[in-house]
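Okay, so here's the structure we're looking at.
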Amino acid sequence: MGARWVLHLDMDAFFAASEQLTRPTLRERPVLVGGLGPRAVVAGASYQARVFGARSAMPMGQARRLCPHAVVLPARFPLYKELSSRVMAVLADASPVLEPVSIDEAFLEPPALAGASAAEVERFGVRLRADVRATTGLPASVGAGSGKQLAKIASELAKPDGLRVVPPEEERAVLAPLPVRALWGVGPVAEAGLRKLGVHTIGELAAMDLREVHGLLGTAIGTELHRLARGIDERPVAPRGAAKQVSAETTFDTDLTAMAAVHDAVARMTEAAHRRLVASGRAARTVTVKVRSADFTTSSRSETAGFASTDLGTLTAVAQRLARTAVPEGGVRLIGVSLAGLTDDPPPALFEPLTQAEAAPDEVPEPAAPVDEPEPAPDRPWRPGDDVAHADHGHGWVQGAGHGRVTIRFETRSTGPGRARTFAEDDPALRRADPLASLA
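Take UniProt numbering: the last position of the sequence shown gets the number 440, and nothing is skipped along the way.
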């Protein structure tokens, strides 16, 4: 049987690169994408910002201290989703066997590459990266190996904007020096246990006796990790099923201490999750509310009805009732609402009175997908990063605002760096614009 080849494509600094693409003035400049509040985190950092130590998931305040000259912009998820759909379309054309992993990465197993040489795979990867750039204007890194683990590691080694093909005869040499945390399934607990045995690298794990691995990690997990450490990865590349839940959450700049404020926040989160529910054409049987207190203790409550519902008022009422039992003493730092038990085309049945209410473990997973920020209120002052349209100057974005004035740089993907102009913030020629117009 010929060699198996799995490819992993990962868009480079996707959120920040999308901003630099559509706002040419920012190209080659450090960019941070995320919120501006005291508890905001970085959703994306350009490579120019990463040079200074800034990275995704870092508190925004820390990132700005590390890179004080970075341009900070709010996330524009409609733009990222559109670019992601274009990337996935290119990948689907290249391979019928495609597994999207997130908004900016996917695995492929092109049937045409079964039994191919490393040189043939390299040529395929070169074309794939070129097609993605031609379609989106964005850079991508591609890794290839005999399984998903090798392909993902190879794409990391290829970054930024590169290609790495790992032929079978080089797999063990590539894997051996990497830290054990590079393997899927090795978290902090497993890593600490392995370190106690003097095992720090994948090569050292691969050299362990399997019985010793079983004693430390258990039979099932130990066997799988030992195989991955030796480059054996037979997991299929397969399309992901429909999402099992839709959710939304937010971290507040200051802790909420009044129940009325908690109810308002729960209503907003339920509405955001409900938009995704309706967009998916499904309805939900289960409502879950997650609350994180000021001391970072997390609790959740859920309720499941006999019938699914798409009624926003009903779902909100259930979420608010659950929140009353979940709110701890002191302040509330974070609130999340998820809708699960999804069914296709059901009637919008109302939830019955309490049918199943239970406390979840102290820690529950964060949402797998980023939460869309609500659209700015029409009467809200302009903020840096907002998309703007002007009757005469076209599309632009807010570079700065304050003291009744707003400075807008008029540019899109195709214009090159644009000119900045300053207006009164209530100039009638200005209106809020669709972020997708910046792709023009």
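Each residue gets a CB set at the ideal place from its N, CA and C atoms; glycine is no exception.
Keep in mind that this is a model prediction, so the values were computed, not measured.
Relative to the C-alpha of residue i, which residue among the options is closest?
i	options	result
P320	F124, F307, T288, A305	Note on residue identity: the sequence assigns Gln, not Pro, to residue 320. It is T288.
P111	A40, L83, A92	A92
L157	G416, T343, L178	L178
A192	G203, V180, W184	V180
Q48	G35, L36, P167, C67	C67
K159	S299, P38, F14	F14
K152	A106, T407, E271, S300	A106
A326	K290, Y80, S338, L315	K290
R276	P38, S56, P78, G37	P78
P96	S102, I103, E109	E109
S300	G306, H274, P24, V266	V266
G231	L113, T310, E170, A243	E170
G330	M259, A116, H214	M259
Y80	A114, A16, L113, G125	A16
Roughly how many whole angstroms lie between the Cα atoms of residue i and residue j?
i	j	result
L26	E411	11 Å
F423	A391	13 Å
residue 480	T223	The first residue shown for the chain is 1 and the last is 440, placing residue 480 beyond what the model contains.
L98	V388	37 Å
T136	E82	10 Å
H8	D131	15 Å
W397	H200	48 Å
W382	R405	9 Å
L342	Q245	7 Å
S85	R76	15 Å
V332	R292	6 Å
residue 474	F252	As shown, the chain starts at 1 and ends at 440. That puts residue 474 outside it, with no answer to give.
P74	Q399	12 Å
A70	R64	7 Å
G218	E271	43 Å
L334	L315	19 Å
T407	R29	19 Å
Q20	S56	16 Å
A116	R123	11 Å
A401	E425	8 Å
R409	G37	24 Å
A214	Q62	The displayed chain sequence assigns His, not Ala, to residue 214. Whole-angstrom Cα-Cα distance: 41 Å.
R268	T310	16 Å
Which whole-angstrom value describes the C-beta separation of residue i and residue j, a residue pair presumed to lie in contact below a C-beta threshold of 8 Å?
i	j	result
L138	S46	L138 to S46, Cβ: 12 Å. No contact.
D255	A294	5 Å
A40	M58	Contact flag wrong, Cβ pair sits at about 10 Å.
V165	V121	5 Å
A279	P168	Actually they do not touch by this definition, with Cβ atoms about 43 Å apart.
L439	R419	Not really, about 20 Å apart at Cβ, beyond 8 Å.
D104	D10	7 Å
A433	H395	6 Å
E338	A273	Rather than Glu, the amino acid found at residue 338 in this sequence is Ser. The pair is a contact, with the Cβ atoms about 6 Å apart (cut-off 8 Å).
residue 447	G185	Outside the shown range of the chain, which is 1 to 440, sits residue 447, and nothing can be said about it.
Taking Cβ to Cβ, would you say residue i is nearer than 9 Å to residue j?
i	j	result
L163	S141	yes
V6	L150	yes
R285	A248	no
V31	V72	yes
G336	T257	no
A134	A144	no
V212	L197	Note that residue 212 is Glu in the sequence shown, not Val. Yes.
P384	T22	no
R127	A94	yes
R172	A118	no
A229	L312	no
T297	P328	yes
P100	P236	no
A317	R282	no
G44	G34	yes
D161	D12	yes
L183	L216	no
A323	V262	yes
R421	H393	yes
P24	G306	no
For residue i, does the three-state DSSP call read helix, strand or coil?
i	result
V318	helix
R195	helix
I202	helix
M11	strand
S155	helix
H403	coil
F296	coil
T25	helix
L178	coil
F52	coil
I408	strand
E105	strand
M232	This sequence places Ile at residue 232; Met is not what is there. Here I232 sits in coil by DSSP.
residue 467	No information on residue 467 is available, as it lies outside the stretch 1 to 440 that the chain covers here.
H226	helix
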